[in-house]
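Colleague: Start counting at 1 in the sequence shown, then tack on 7, and there's your number in our numbering.
Positions of the beta carbon are idealized from the N, C-alpha and C atoms, including for glycine.
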Amino acid sequence: MVKTALTVAGSDPSGGAGIQADLKVFSAFNVYGMAVITSLTIQNTQGVIYTYPIPANVVFDQIKTLAEDISIDVLKLGMLQNAEIVESVALAIKKFNLNLNVVDTVIKSKNDKNLLDKDAIEVFKKLIIPNSYILTPNIPEAQELTQITIETQQDLEKACKELYSMGSRYVLLKGGHGKDEDYVVDVLYDGESFTYFKYQKVKTQNTHGTGCTYASAIASCLAKGYDVKKAVSIAKAYINGAIINSLQIGRGKGPLNHFWISDLH
């Protein structure tokens, strides 16, 4: 029987990030994808121009309508934009007893536009992180959430521990924004030990939607029954290949190739 995945995130009309990327990833992994839109973003490969948040009650009703009809195997969160949407999503998760599998901590765009209001960050930390199974921040997001400056491996581990203390079962701190010019190192923390995932850095500007894609790949693997370490390992290999085979579309940071491999397990 086909597995189902729900993404609750913003819409990217360029197709490289947001729910559009999530749905492509779900399809690539042969998982039935569904989407709840939290924000309409006006963007292209050159960056986010502005965003239009969906009313919080409409976000809630989208989730409600799906949860009352369809069994949701995995839930992945992306852009939530404001405190009201954060609260409505948290309420829906609780009311409909949904498992919050993967939380992509979308805070800012690559061109530095706020995708989560400043006053929503504390609400996010209080209502979303404690209910998450895997939290997937990049270095700037982890710094924003923890107020820890991350420059060394010790800093990475310290930030992981701080994020774990907020209540997430696992923390995957992504190292793509690190200073190492040759390798990307992601760190998975389970409260006891650290697991490192190291890949050679791909020299390309076409990295639009990497965070969304990575989180959705992890969610897809969880839907298929893989444990966390295996899910992250498969997702990391998948996104690395998607970046290597990225598409030269648009005048800015092009999208990944979500269908670079046809046989994903």
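Looking at C-alpha atoms only, which residue of 243, 238, 252 and 85 is the closest neighbour of residue 211?
Modeller: Of the listed residues, the one whose Cα sits closest to residue 211 is 252.
Colleague: Would residue 123 and residue 88 qualify as a contact pair, given that the criterion is a beta-carbon distance under 8 Å?
Modeller: Yes. Within cutoff.
Colleague: How long is the line joining the alpha carbons of residue 12 and residue 164, rounded to whole angstroms?
Modeller: The straight-line gap from Cα to Cα measures roughly 30 Å.
Colleague: What did DSSP end up calling residue 221 once you bin it into helix, strand or coil?
Modeller: It is helical.
Colleague: Between residue 329 and residue 207, what straight-line distance do the alpha-carbon atoms span, to the nearest angstrom?
Modeller: A query on residue 329 cannot be resolved here, the shown segment of the chain reaching from 8 to 272 and no further.
Colleague: If contacts are defined as beta-carbon pairs under 8 Å, then residue 130 and residue 90 qualify, I think. What distance do you get, rounded to the angstrom?
Modeller: The Cβ separation is near 5 Å, so the contact holds.
Colleague: By a C-beta neighbour count over all protein chains shown, 10 Å radius and 16 as the cutoff for buried, is residue 172 buried or exposed?
Modeller: So residue 172 counts as exposed.
Colleague: Spatial neighbours of residue 238 within its chain, please: CB distance less than 6 Å, with the 5 preceding and 5 following residues excluded, ordered by chain position.
Modeller: Within the same chain, residue 238 has close Cβ partners 225, 228 and 229.
Colleague: Would you verify that the beta carbon of residue 68 is, or is not, closer than 8 Å to some beta carbon of chain C?
Modeller: This model lacks chain C altogether, as it is built from one protein chain only.
Colleague: Less than 6 Å between C-beta atoms, sequence neighbours within five positions excluded: which residues of the same chain meet that for residue 27?
Modeller: Excluding positions up to five away in sequence, the list reads 19.
Colleague: If residue 35 and residue 265 are in contact, beta carbons under 8 Å, what's the gap, nearest whole angstrom?
Modeller: Between residue 265 and residue 35 the Cβ distance is about 5 Å, and since that is below 8 Å, they are a contact.
Colleague: Along the chain, where does the alpha helix (DSSP H) containing residue 131 start, and where does it finish?
Modeller: Run containing residue 131: 128-134, per the alpha helix (DSSP H) assignment.
Colleague: Is the separation between the beta-carbon of residue 236 and that of residue 202 shorter than 8 Å?
Modeller: Yes, the Cβ-Cβ distance between residue 236 and residue 202 is below 8 Å.
Colleague: According to the neighbour-count rule (16 or more other Cβ atoms, all chains shown, within 10 Å of its Cβ), is residue 216 buried or exposed?
Modeller: Buried: at least 16 other Cβ atoms inside 10 Å.
Colleague: Could you pull out every residue in the same chain whose Cβ sits closer than 6 Å to the Cβ of residue 103, ignoring the five residues on either side in sequence?
Modeller: Closer than 6 Å at the Cβ level, and outside the excluded window around residue 103, lie 74.
Colleague: Please state whether DSSP places residue 181 in a helix, a strand or coil.
Modeller: Note: residue 181 maps to strand in three-state DSSP.
Colleague: Taking the straight line between their C-alpha atoms, what separation do you get for residue 99 and residue 213?
Modeller: Approximately 35 Å between the Cα atoms of the pair.
Colleague: For the ligand NAD, is there any heavy atom lying closer than 7 Å to the beta carbon of residue 106?
Modeller: Ligands displayed in this structure: none; no statement on the ligand NAD is therefore possible.
Colleague: Measure the alpha-carbon distance for residue 50 versus residue 23 and round it to whole angstroms.
Modeller: For residue 50 and residue 23, the distance between alpha carbons rounds to 10 Å.
Colleague: What do you get for residue 245, buried or exposed, if any count of 16 or more other CB atoms within 10 angstroms of its CB means buried?
Modeller: With 16 or more other Cβ atoms within 10 Å, it is buried.
Colleague: Are at least three pairs of beta-carbons, each pair with one atom in the stretch 104-122 and one in the stretch 62-69, less than 8 Å apart?
Modeller: Result no; under three Cβ-Cβ pairs closer than 8 Å.
Colleague: If you draw a straight line from the alpha carbon of residue 135 to that of residue 93, how long is it in whole angstroms?
Modeller: Approximately 8 Å, taken between the alpha carbons.
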